[in-house]
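Throughout the sequence shown, residue numbering follows the numbering used here, covering 44 to 867 in sequence.
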Amino acid sequence: MTTPVADPPEPAIEPTGPEGLTATEVADRQARGLGNDLPDRSSRSLTQIVRANVITYFNFVLGTLAVLILIYGQGNDALFGGVLVANTAIGIVQQLRAKRTLDRLALLTTPRARVRRDGSDHEVAVNDVVLGDLLVLRPGDQVVVDGQILESHALEIDESLLTGESDPIAKAPGDRVLSGAFVAAGSGSFQATHVGRDAYASQIAAEARKFTLANSELQRSIDRIIRWASYVMVPAGIALAISQRRLFDHFRDALSATVGGIVAMIPQGLVLLTSVAFAAAVLRLAKHQVVVQELPAVEILARVDVICLDKTGTLTHGDLELDRIDTLPGAGDRDARDALAALVAADPNPNATLRALGHGLTGADGRHAGQPEQALPSLPAGWEPATAVPFSSARKWSAATFPGKGTWVLGAPDVVLDSSRHADLAARVEQLAELGSRVILLAHTDAALADVPATDITLPDGLEPSALAVLEDRVRVDAPDTLAFFAAQGVAAKVISGDHPATVAAVARRAGLDVEGDAVDGRSLPDDPDQLAAAVEAGTIFGRITPHQKRAMVHALQGKGHTVAMTGDGVNDVLALKDADIGIAMGSGSSASRAAAQLVLLSGEFSALPPVVAEGRRVINNIERVANLFLTKTIYAVILAFAIAATVKPFPFLPRHFTVIDALTIGIPGFFLALAPNPERAKPHFLRRVLRFTVPHGIMAAAITFTAYLLAQRTHPPLIQSRTTATLVLTGVALVILVQLVRPMTLARAVLVVAMVAGFALVLAVPFGRHFFELHLPSGAMLAVSAGLVSASAAISVVFARYIDVDDPRPRARPRREGQAETA
Numbered sequence: 044m045t046t047p048v049a050d051p052p053e054p055a056i057e058p059t060g061p062e063g064l065t066a067t068e069v070a071d072r073q074a075r076g077l078g079n080d081l082p083d084r085s086s087r088s089l090t091q092i093v094r095a096n097v098i099t100y101f102n103f104v105l106g107t108l109a110v111l112i113l114i115y116g117q118g119n120d121a122l123f124g125g126v127l128v129a130n131t132a133i134g135i136v137q138q139l140r141a142k143r144t145l146d147r148l149a150l151l152t153t154p155r156a157r158v159r160r161d162g163s164d165h166e167v168a169v170n171d172v173v174l175g176d177l178l179v180l181r182p183g184d185q186v187v188v189d190g191q192i193l194e195s196h197a198l199e200i201d202e203s204l205l206t207g208e209s210d211p212i213a214k215a216p217g218d219r220v221l222s223g224a225f226v227a228a229g230s231g232s233f234q235a236t237h238v239g240r241d242a243y244a245s246q247i248a249a250e251a252r253k254f255t256l257a258n259s260e261l262q263r264s265i266d267r268i269i270r271w272a273s274y275v276m277v278p279a280g281i282a283l284a285i286s287q288r289r290l291f292d293h294f295r296d297a298l299s300a301t302v303g304g305i306v307a308m309i310p311q312g313l314v315l316l317t318s319v320a321f322a323a324a325v326l327r328l329a330k331h332q333v334v335v336q337e338l339p340a341v342e343i344l345a346r347v348d349v350i351c352l353d354k355t356g357t358l359t360h361g362d363l364e365l366d367r368i369d370t371l372p373g374a375g376d377r378d379a380r381d382a383l384a385a386l387v388a389a390d391p392n393p394n395a396t397l398r399a400l401g402h403g404l405t406g407a408d409g410r411h412a413g414q415p416e417q418a419l420p421s422l423p424a425g426w427e428p429a430t431a432v433p434f435s436s437a438r439k440w441s442a443a444t445f446p447g448k449g450t451w452v453l454g455a456p457d458v459v460l461d462s463s464r465h466a467d468l469a470a471r472v473e474q475l476a477e478l479g480s481r482v483i484l485l486a487h488t489d490a491a492l493a494d495v496p497a498t499d500i501t502l503p504d505g506l507e508p509s510a511l512a513v514l515e516d517r518v519r520v521d522a523p524d525t526l527a528f529f530a531a532q533g534v535a536a537k538v539i540s541g542d543h544p545a546t547v548a549a550v551a552r553r554a555g556l557d558v559e560g561d562a563v564d565g566r567s568l569p570d571d572p573d574q575l576a577a578a579v580e581a582g583t584i585f586g587r588i589t590p591h592q593k594r595a596m597v598h599a600l601q602g603k604g605h606t607v608a609m610t611g612d613g614v615n616d617v618l619a620l621k622d623a624d625i626g627i628a629m630g631s632g633s634s635a636s637r638a639a640a641q642l643v644l645l646s647g648e649f650s651a652l653p654p655v656v657a658e659g660r661r662v663i664n665n666i667e668r669v670a671n672l673f674l675t676k677t678i679y680a681v682i683l684a685f686a687i688a689a690t691v692k693p694f695p696f697l698p699r700h701f702t703v704i705d706a707l708t709i710g711i712p713g714f715f716l717a718l719a720p721n722p723e724r725a726k727p728h729f730l731r732r733v734l735r736f737t738v739p740h741g742i743m744a745a746a747i748t749f750t751a752y753l754l755a756q757r758t759h760p761p762l763i764q765s766r767t768t769a770t771l772v773l774t775g776v777a778l779v780i781l782v783q784l785v786r787p788m789t790l791a792r793a794v795l796v797v798a799m800v801a802g803f804a805l806v807l808a809v810p811f812g813r814h815f816f817e818l819h820l821p822s823g824a825m826l827a828v829s830a831g832l833v834s835a836s837a838a839i840s841v842v843f844a845r846y847i848d849v850d851d852p853r854p855r856a857r858p859r860r861e862g863q864a865e866t867a
């Protein structure tokens with residue numbers, strides 16, 4: 044039984060004759076807009092990619108400040124604008140690389156259409172098909188538009204990409220055929236009744252065409268940090284601007300001081316380093332044949348706690364393989380194998396079942412020997428058929444009479460077998476079917492086939508069972524190891540398919556999945572969201588599931604707080620792929636599924652997923668470490684801005700001072716930390732843990748720096764020396780915080796910290812550095828005070844490390860879907 048697919052409404056078109064349309068009719072329909080005009084859905088457009096990376100709140104704020112400095116201030120105070128350019132460029136370049144890869148893949152997999160026009164057959168591009176065209180179908184052809192069957196010669200259609208069900212469907216004249224399906228066996232023709240956006244596959248893809256960004260906790264948290272910073276940045280910036288304008292006679296000096304305070308509040312480097320870390324992960328994953336369409340996708344898979352797997356094309360290769368041939372008592376093994384090979388070779392259009400049988404027979408022992416690329420067997424010597432009847436879905440059997448060897452019949456056991464005479468064998472076949480196997484019976488008789496037309500032929504008398512050919516869905520070799528990996532990581536697997544639940548359960552067990560409870564029939568699932576969520580959480584195997592049910596199941600799991608991954612390869616998977624937290628498509632699947640997914644496995648191998656998880660862990664854990672640096676800076680910058688505005692003193696830093704402080708205490712070390720190996724399991728509540736570290740350390744840095752600045756101001760030196768004192772102290776405190784974050788200290792991390800200290804010493808020692816960054820060392824007494832304050836910060840940081848537990852153990856509900864409220 045097939046998963047039901049809703050038929051589109053019948054269009055008002057005239058039936059096409061057996062000669063097809065004329066060239067004049069085709070041109071007229073193209074001119075009237077009745078062609079198969081399909082939008083390119085292989086990936087995001089260039090405009091979409093550029094817009095998504097350029098038009099952001101972060102770019103607007105930072106870009107505005109950079110422009111103001113370039114117009115009214117000094118160019119060396121606008122160095123922070125380079126972060127904006129680099130961050131935008133990384134995002135655009137990475138997504139363009141993914142687009143090119145997917146577009147090339149789409150070009151390689153684009154089908155051609157065989158149409159009959161003016162009485163002859165032609166191959167044309169899919170977009171050249173028009174409404175009413177007569178399309179010719181042969182084995183392996185893809186159905187490119189919706190239509191109505193006009194001719195059928197044992198025609199069988201594989202609708203697995205539409206319904207998820209792997210069994211081919213027999214089609215007779217008058218039956219509907221939908222775009223996205225394939226011809227499994229036989230031949231025929233059909234009239235195009237729905238083209239372009241009206242076709243079924245196009246409607247499914249159109250519903251998923253709107254691009255949505257991956258639901259990344261990291262990016263949500265970083266966006267929230269920037270948003271919070273903007274909330275305090277406006278009043279702090281206004282207060283700072285007023286105080287600085289009162290202090291400085293020149294607008295340029297007041298602007299530089301104000302911009303320096305505002306820029307310090309924006310964790311612009313955090314956005315850049317997050318993009319760098321993601322981009323590095325993307326490059327590593329490319330070696331595993333994984334295309335990442337969105338940078339945050341590598342993070343999300345590391346957070347997933349439920350993975351929904353489509354059976355056909357995901358757990359399995361989407362075709363059958365011969366498991367074994369069981370010779371029955373009284374039959375010769377050699378005769379049975381030769382008869383099977385002869386029957387396969389005698390059929391001019393073997394269906395998927397016969398092809399799998401033939402591939403298996405080419406192996407040495409008939410057990411898992413066949414692969415799709417192997418040739419079908421040739422006729423064994425002495426087995427030339429005198430009469431042959433090809434397989435038909437209506438008959439469910441094929442047969443041939445071989446001179447001197449009798450008649451051999453191959454077909455469905457319930458049709459060929461006389462169950463009243465062979466009750467034990469019938470029960471055995473039933474048991475194998477319940478385990479998900481496809482069973483074909485080989486029977487023999489001495490009676491010859493009747494010399495009548497194939498449409499009138501019946502089974503010959505005296506058939507005796509000779510062998511059972513047991514075929515199974517070909518499970519991917521790496522599926523068991525990958526499923527075991529996810530199970531070890533605490534990720535629950537749900538297998539969702541359009542096939543019969545028993546078949547799905549059997550395949551899942553063979554793939555190594557620990558199946559608990561009975562398989563669930565999708566037709567029994569409730570419509571109520573709460574009841575559906577309970578059923579989906581409780582079950583593991585789901586069969587007879589429609590595309591819209593897949594989507595509803597993803598929503599139900601997300602409503603329970605789960606982070607959901609969805610794998611798939613067909614049009615039937617597109618809606619669920621799009622709405623899952625992360626969609627994973629097979630490279631061999633439909634272009635619509637690849638366009639909707641965030642990850643595309645070009646090789647189609649599950650073994651590519653564990654490296655994605657590893658890269659996600661590296662990104663999450665390292666960016667958390669780096670975020671502590673950046674958010675600490677935001678907190679102390681905000682406090683300093685308010686303190687300076689309240690005391691009406693010159694801001695202690697120019698933008699260029701923050702450039703050198705950020706580079707040596709945050710940017711450069713953050714770059715190395717973001718790319719370092721980090722195999723620890725990803726933890727939820729990113730923002731909460733970051734705040735528990737950054738708030739006390741930010742307050743400490745602001746208090747100690749402001750104290751040093753006030754002490755320097757009391758000695759009445761030039762402003763440049765007071766600013767240098769503040770720069771020295773803040774750099775030292777920031778390096779103390781860096782040491783705290785890189786614990787446990789390793790040789791590489793120690794070298795990194797020492798290199799940053801040496802870098803700052805070099806800036807102070809080289810005249811060009813002092814001049815460029817406008818630094819002038821204070822007196823020896825003030826240097827001693829500065830050293831004492833930095834030492835005090837180290838002691839305070841040790842106390843924080845002892846008494847502040849960054850890893851908050853309290854449980855918390857998982858984040859809700861994007862657009863819904865989440866508490867920090």
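Just so you know, even glycine gets a beta-carbon here, dropped at the ideal spot from N, CA and C.
Taking the beta carbon of residue i as the centre, do at least 16 other beta carbons fall within 10 Å, making it buried, or is it exposed?
i       : result
Asp-201 : buried
Phe-701 : buried
Tyr-274 : exposed
Lys-330 : exposed
Val-828 : buried
Trp-574 : The sequence shown places Gln at residue 574, rather than the Trp named in the question. Its Cβ having fewer than 16 others within 10 Å, Gln-574 is exposed.
Gln-641 : buried
Thr-45  : With a pLDDT of only 40 at Thr-45, under the threshold of 50, the placement of this residue in the model should not be trusted, and no figure is reported.
Ser-421 : exposed
Ile-627 : buried
Ala-168 : exposed
Gln-287 : buried
Met-788 : exposed
Ile-98  : exposed
Taking Cβ to Cβ, would you say residue i is nearer than 8 Å to residue j?
i       : j       : result
Gly-78  : Val-186 : no
Leu-618 : Val-333 : no
Leu-672 : Gly-611 : no
Leu-485 : Ser-509 : yes
Pro-423 : Ala-379 : no
Ser-840 : Gln-783 : yes
Val-513 : Asp-369 : yes
Pro-216 : Glu-199 : no
Please report the distance separating the alpha-carbon of residue i from that of residue j.
i       : j       : result
Arg-519 : Glu-57  : 47 Å
Val-662 : Val-579 : 31 Å
Leu-807 : Val-797 : 16 Å
Ala-399 : Pro-428 : 21 Å
Asp-499 : Pro-456 : 21 Å
Gln-764 : Leu-820 : 6 Å
Ala-717 : Gln-756 : 38 Å
Arg-219 : Gly-231 : 13 Å
Ile-309 : Leu-113 : 19 Å
Ile-281 : Ile-343 : 38 Å
Ala-242 : Ala-235 : 10 Å
Ile-725 : Arg-155 : Ile is not the amino acid found at residue 725; the sequence shown has Ala there. Taking the straight line from one Cα to the other gives about 46 Å.
Val-110 : Val-794 : 37 Å
Asp-171 : Ala-549 : 43 Å
Ala-324 : Val-341 : 7 Å
Return no unless some Cβ of chain D is closer than 8 Å to the Cβ of residue i.
i       : result
Leu-718 : Structure shown: chain D not included; a single protein chain is present.
Worksheet entry | Completely contained alpha helix (DSSP H) runs for the stretch 511-575, where each covers 4 or more residues | Runs of the alpha helix (DSSP H) inside the stretch 511-575: 522-531 and 544-553.
Practice prompt. Could you tell me whether the stretch 651-665 touches the stretch 345-354, where touching means 3 or more Cβ pairs closer than 8 Å?
Written response: Flag = yes, the stretch 651-665 and the stretch 345-354 touch.
Practice prompt. Can you check the stretch 642-712 for any alpha helix (DSSP H) of at least 4 residues that lies completely inside it and give the ranges in chain order?
Written response: The qualifying runs are 652-690 and 698-705.
Item to complete: List in chain order: all unbroken alpha helix (DSSP H) runs of 4+ residues lying wholly within the stretch 311-387.
Response: Fully enclosed alpha helix (DSSP H) runs of 4 or longer: 311-329 and 340-346.
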